[in-house]
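Numbering (this note's numbering), first residue to last: 162 to 367.
Everything below concerns the one structure shown next.
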Amino acid sequence: MSAQPSPLPSPLSSTAWEERYQAGTPRWDLGQPAPAFKTLLESASAPQPGSAIVLGAGRGHDAIFFAQHGFAVTAVDFAPSAIQALDEQAQAHNRSLRLLERDIFGLVPEFAGQFDYAIEHTCFCAIDPALRPAYVELVADLLVPGGELLAVFFTHRRSGGPPFGTTPAEVRQLFEPHFEIISLEPVANSVPSRQGEEHFGRLRKR
Ligand SMILES: C[S@@+](CC[C@H](N)C(=O)[O-])C[C@H]1O[C@@H](n2cnc3c(N)ncnc32)[C@H](O)[C@@H]1O
């Protein structure tokens with residue numbers, strides 16, 4: 162009997178993400194924190210520093226930025242090269258972050274109720290859309306009561322993915338059972354390639 166070829170990895174698996182990092186083509190990587198987070202942390206309504214978990218943190222530009230603003234940051238990604246790059250960046254910026262090379266969907270119960278904030282930037286759009294209800298449950302489980310999700314949602318309208326786009330209506334429908342939507346607005350200062358395709362949301366766990 163001839164050997165069966167092993168199945169190709171799903172484009173959403175850790176193997177596939179790791180291959181993208183190793184190929185050196187992380188076209189989602191802005192090389193800087195999301196402009197919406199810069200606006201938030203420099204505004205009069207900036208959240209008070211606290212414990213924060215960054216989901217699908219990639220090379221960590223957002224994670225390090227929040228750490229620089231006094232947040233105690235845990236950064237999670239299941240691609241080893243992303244975590245390694247994040248570790249190097251954190252050291253270069255002289256910041257101490259807790260790094261977890263883990264699948265976000267395996268964080269509960271271990272990390273349940275441990276965070277004042279969850280930080281989202283192009284992780285929601287990188288998972289299978291069928292897992293979005295599970296993502297909402299996950300974020301709610303990770304947060305303390307009254308904790309906040311600070312999220313840049315990729316609201317592009319192209320079909321397929323990743324990145325899989327969403328809409329403000331879908332965000333409201335998915336999150337409202339567990340979260341009060343404090344704000345959900347178009348981002349005014351997105352990078353040129355994402356102009357008109359991002360919404361920033363501040364959502365408080367009920
Ligand atoms: C589009 S990239 C965004 C990375 C980073 N947030 C940024 O903006 O540069 C999506 C990231 O989520 C990670 N990721 C996707 N699904 C994941 C999962 N289930 N658990 C952990 N990390 C995941 C990928 O490895 C990848 O680094």
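We put the CB at the ideal spot given by N, CA and C, even for glycine.
Original post:
Is V269 helix, strand or coil when you go by DSSP?
Top reply: Within the sequence shown, the letter at position 108 stands for residue 269. Here V269 sits in coil by DSSP.
Original post:
In the structure shown, what three-state DSSP assignment does D248 receive?
Top reply: Working through the sequence shown from its first residue, we reach residue 248 at position 87. It is helical.
Original post:
Which stretch, first to last residue, makes up the beta strand (DSSP E) that contains H360?
Top reply: Here residue 360 is taken as the residue at index 199 of the sequence shown, counted from 1. Element bounds for H360: 359 to 366.
Subject >> Residue(s) in a DSSP beta bridge with T200 >> reply: The residue given as residue 200 occupies position 39 in the sequence shown. DSSP output for T200 lists no bridge partner at all.
Subject >> For H282, the first and last residue of its enclosing beta strand (DSSP E) >> reply: For this step, residue 282 is matched to residue 121 along the sequence shown. Its beta strand (DSSP E) spans residues 276 to 282.
Original post:
According to DSSP, is S125 helix, strand or coil?
Top reply: Any answer about residue 125 is impossible in this case: the structure gives the chain only from 162 up to 367.
**OP:** Run the proximity test for A177: is its beta-carbon closer than 6 Å to any non-hydrogen atom belonging to ligand 1?
**Re:** Here residue 177 is taken as the residue at index 16 of the sequence shown, counted from 1. No, the Cβ of A177 stays beyond 6 Å of every heavy atom of ligand 1.
Original post:
In its own chain, which residues sit with a C-beta less than 6 Å from the C-beta of Q317, not counting the 5 before and 5 after it?
Top reply: For the purposes of this step, residue 317 is taken as residue 156 along the sequence shown, with counting starting at 1. Sequence inspection shows His at residue 317; the Gln mentioned does not correspond to that position. Counting only Cβ-Cβ distances below 6 Å, and skipping sequence neighbours, we find G326, E358.
**OP:** Would you mind working out which of A177, A233, W178, P196 sits nearest H282, comparing C-alpha positions?
**Re:** Counted from its first residue, the sequence shown places residue 282 at position 121. Of the listed residues, the one whose Cα sits closest to H282 is P196.
Original post:
Going along the chain, which residues of its own chain have a beta-carbon closer than 8 Å to the beta-carbon of M162, five neighbours each way excluded?
Top reply: For this step, residue 162 is matched to residue 1 along the sequence shown. Caution applies to M162, whose pLDDT of 48 falls short of 50 and renders its modelled position unreliable; the value that the coordinates give is listed next. The answer is none, since no qualifying residue turns up.
Original post:
If you measure from the CB of T283, is any heavy atom of ligand 1 nearer than 6 Å?
Top reply: For the purposes of this step, residue 283 is identified with residue 122 of the sequence shown, where counting begins at 1. Answer for T283: yes, Cβ within range of ligand 1.
Subject >> CA-to-CA distance, Q183 to L202, given in whole angstroms >> reply: Locating residue 202 in the sequence shown gives position 41, counting from the first residue. Locating residue 183 in the sequence shown gives position 22, counting from the first residue. Roughly 32 Å separates the two Cα atoms.
Original post:
Within 6 Å: the Cβ of A291 and any heavy atom of ligand 3?
Top reply: Judged by which ligands are present, ligand 3 is missing from the structure shown, whose ligands are ligand 1.
Original post:
Within 10 angstroms of its Cβ, does G217 collect 16 or more other Cβ (buried), or is it exposed?
Top reply: Within the sequence shown, numbered from 1, the residue matching residue 217 stands at position 56. Looking at its Cβ environment, which holds 16 or more other Cβ atoms inside 10 Å, G217 is buried.
Original post:
For I342, does the three-state DSSP call read helix, strand or coil?
Top reply: Reading the sequence shown from its first residue, position 181 is the one you call residue 342. Reduced to three states, the DSSP call for I342 is strand.
**OP:** May I ask you to report which of helix, strand or coil DSSP gives E180?
**Re:** Taking the sequence shown and counting its residues from 1, the one referred to as residue 180 is at position 19. Looking at E180 - three-state DSSP - the assignment turns out to be helix.
**OP:** Tell me where the beta strand (DSSP E) around L260 begins and ends.
**Re:** Reading the sequence shown from its first residue, position 99 is the one you call residue 260. Looking at the DSSP string, the run of the beta strand (DSSP E) that includes L260 is 259 to 262.
**OP:** Tell me whether T328 is buried or exposed, calling it buried when 16 or more other Cβ atoms sit within 10 Å of its Cβ.
**Re:** Start at 1 with the first residue of the sequence shown, and residue 328 comes out as number 167. Exposed: under 16 other Cβ atoms inside 10 Å.
Subject >> Nearest neighbour of F276, chosen from A240, G267, F232, A295 [CA to CA] >> reply: Stepping through the sequence shown from its first residue, residue 276 is reached at position 115. Cα-wise, what sits closest to F276 is F232.
Original post:
For E309, does the three-state DSSP call read helix, strand or coil?
Top reply: Here the question's residue 309 lines up with position 148 in the sequence shown. It is a strand residue.
Subject >> Separation of G274 from S351, as counted between CA atoms >> reply: Position 190 of the sequence shown, counting from 1, holds the residue named residue 351. Position 113 of the sequence shown, counting from 1, holds the residue named residue 274. Each residue's Cα considered, the two are about 31 Å apart.
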